Amino acid sequence: MSNSYTSVIKQINKGYKLPHDIEVVAHKIYALSQSEKSSAINDIINKFSTSILTSMYKNIMEITYNYMSKLIYFEGNLLYEEYLKILHLFDSINIFFHLGLNESGKYMEMSDSDICFLIKKNPKWAKGIPSEIVDFKNKEWWQRVISK
Numbered sequence: 427m428s429n430s431y432t433s434v435i436k437q438i439n440k441g442y443k444l445p446h447d448i449e450v451v452a453h454k455i456y457a458l459s460q461s462e463k464s465s466a467i468n469d470i471i472n473k474f475s476t477s478i479l480t481s482m483y484k485n486i487m488e489i490t491y492n493y494m495s496k497l498i499y500f501e502g503n504l505l506y507e508e509y510l511k512i513l514h515l516f517d518s519i520n521i522f523f524h525l526g527l528n529e530s531g532k533y534m535e536m537s538d539s540d541i542c543f544l545i546k547k548n549p550k551w552a553k554g555i556p557s558e559i560v561d562f563k564n565k566e567w568w569q570r571v572i573s574k
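This note's numbering puts the first residue of the sequence shown at 427, with every later residue one more than the last.
Quick look at the structure:
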């Protein structure tokens, strides 16, 4: 098993103090799943899913969506950092779905709608999304919302 796999397993075994800890692990697992196709990655995804269900953040999709939505529908102007956080949360929701954490797709659909709202509400943000922050080409969910 590679060092990347070992590192992710250690993080899963360590547990999650904050919802952000789950996001970090999910992003690492997603990156591994995109670079390698093996039974080991399926085992890690299963271990990750089980660890979420036994954590205090079993509703991580809901937590993440609510945070993202609260930022999107904030009445004031968004700071650049808040905008980047929204993009990260949108990625997280879709990665969670990709890893099988919410099979209904409810939060994914709602987050698509919210991101489309954000882009229409703030066209300057839509043009200014840094490609080093968001990988538009290799993530199907960005293609989905950009094409709307």
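Virtual Cβ for every residue (Gly too), placed ideally from N, Cα, C. This structure is a prediction, so every number in the text was calculated from the model and none was measured.
C-beta atoms of residue i and residue j nearer than 8 Å
{"i": "Leu458", "j": "Ile498", "result": "no"}
{"i": "Pro445", "j": "Thr490", "result": "yes"}
{"i": "Gly526", "j": "Ile471", "result": "yes"}
{"i": "Tyr493", "j": "Leu513", "result": "no"}
{"i": "Tyr442", "j": "Tyr483", "result": "yes"}
{"i": "Ser477", "j": "Ile438", "result": "yes"}
{"i": "His495", "j": "Asp540", "result": "The amino acid at residue 495 is misidentified as His; the sequence shows Ser. Yes, the pair counts as a contact, with Cβ atoms nearer than the cut-off."}
Span separating the alpha-carbon of residue i from that of residue j
{"i": "Lys367", "j": "Gln569", "result": "Lying before the first or after the last residue shown, residue 367 is absent from the chain, which here runs from 427 to 574."}
{"i": "Asn528", "j": "Ser461", "result": "23 Å"}
{"i": "Ser433", "j": "Lys546", "result": "40 Å"}
{"i": "Glu508", "j": "Asn548", "result": "13 Å"}
{"i": "Ser428", "j": "Trp567", "result": "28 Å"}
{"i": "Lys454", "j": "Asn485", "result": "20 Å"}
{"i": "Lys436", "j": "Leu504", "result": "36 Å"}
{"i": "Asp469", "j": "Lys463", "result": "11 Å"}
{"i": "Gly502", "j": "Val451", "result": "32 Å"}
{"i": "Phe500", "j": "Ile467", "result": "38 Å"}
{"i": "His524", "j": "Asn564", "result": "13 Å"}
{"i": "Glu488", "j": "Cys542", "result": "19 Å"}
{"i": "Ile572", "j": "Ser530", "result": "22 Å"}
{"i": "Ser430", "j": "Lys511", "result": "25 Å"}
{"i": "Asp561", "j": "Ser475", "result": "24 Å"}
{"i": "Lys440", "j": "Tyr506", "result": "32 Å"}
First and last residue of the uninterrupted alpha helix (DSSP H) at residue i
{"i": "Tyr509", "result": "506-524"}
{"i": "Glu566", "result": "566-572"}
{"i": "Glu535", "result": "532-547"}
{"i": "Ser481", "result": "Here Ser481 belongs to no alpha helix (DSSP H), and DSSP marks it neither H nor E."}
{"i": "Ser428", "result": "Where Ser428 is concerned, there is no enclosing alpha helix (DSSP H), given that its DSSP letter is neither H nor E."}
{"i": "Lys496", "result": "486-498"}
Worksheet item: Counting Cβ pairs, one atom from each stretch, are 3 or more of them under 8 Å apart for the stretch 507-521 and the stretch 530-546?
Response: yes
Worksheet entry | Within the stretch 442-466, ranges of the alpha helix (DSSP H) (whole runs, at least 4 residues) | 445-461
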